[in-house]
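Undergrad:
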Amino acid sequence: MTPGFWNHMAHRYARDTPQEKEEARLKKILDLIISTGIDIKGSQVLDIGAGTGSLSIPLAHMGAHVTALDFSEEMLKKLNKRADEEKVTIQTVFKSWDTINLDEEGFRKKRHDVAIRLDL
1 MTPGFWNHMA HRYARDTPQE KEEARLKKIL DLIISTGIDI KGSQVLDIGA
51 GTGSLSIPLA HMGAHVTALD FSEEMLKKLN KRADEEKVTI QTVFKSWDTI
101 NLDEEGFRKK RHDVAIRLDL
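Heads up: the sequence shown begins at 1 in my numbering, then just goes up one per residue.
(1) Would you kindly check if the distance between the Cβ of Lys87 and the Cβ of Phe71 is under 8 angstroms?
(2) Whose CA, out of Leu102, Gly63 and Ile116, lies closest to the CA of Lys110?
(3) Going by DSSP, what residues sit across from Arg82 in a beta bridge?
(4) Flag this pair as yes or no: are the beta carbons of Asp84 and Ala68 separated by less than 8 angstroms?
(5) Quick check: what's the CA-CA separation for Val66 versus Val93?
(6) Spatial neighbours of Ala64 within its chain, please: C-beta separation below 6 angstroms, excluding the five flanking residues on both sides.
(7) Whose CA, out of Leu59, Glu74 and Phe107, lies closest to the CA of Leu30?
(8) Apart from the five residues just before and just after Met62, which ones in its own chain have a Cβ nearer than 7 angstroms to its Cβ?
(9) Span of the alpha helix (DSSP H) holding His61?
(10) With a CB to CB cut of under 6 angstroms and the five nearest residues on each side skipped, what residues in its chain are close to Arg117?
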């Protein structure tokens, strides 16, 4: 799917996902991360394809330093709005993982404890 598609979907994306389904999905992902032995609090997390922040924001609430990467500007706007409302800090990067220059973005030098890319 293209950035244009996700920009179009951004205004309804979060509200169209059933809350129970989203919470179950999030719990499964967080349980998986925790099962690796990584302490989320203080960890550096790269969320690839972060969208509206369904994973980034809970991780930030848990004390992670989150970098959220997405190729949809509208999705990142939603993420930033939610982060402001929930008073968490998340660094956002408006790029596509498929075309990003890791050196220019400093991703080769910056160590991440966890890198996650979720598919729909």
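Think of the CB as a built atom: it goes at the ideal place given N, C-alpha and C, for glycine as much as any other residue.
TA: Answer, in terms of the structure:
(1) Contact flag unset, no.
(2) Residue Leu102 is the option with its Cα nearest to Lys110.
(3) Looking at the DSSP output, Arg82 bridges to nothing.
(4) Contact check for Asp84 against Ala68 fails: the beta carbons are separated by 8 angstroms or more.
(5) The straight-line gap from Cα to Cα measures roughly 11 angstroms.
(6) Ile40, Ser43 and Val45, listed in sequence order.
(7) That would be Leu59, whose Cα lies nearest to the Cα of Leu30.
(8) The beta carbon of Met62 is closer than 7 angstroms to those of Ile40 and Lys41 in its chain, skipping five residues each way along the sequence.
(9) His61 -> alpha helix (DSSP H) spans Ser56 to His61.
(10) Same-chain partners within the cutoff: Ile48 and Gly49.
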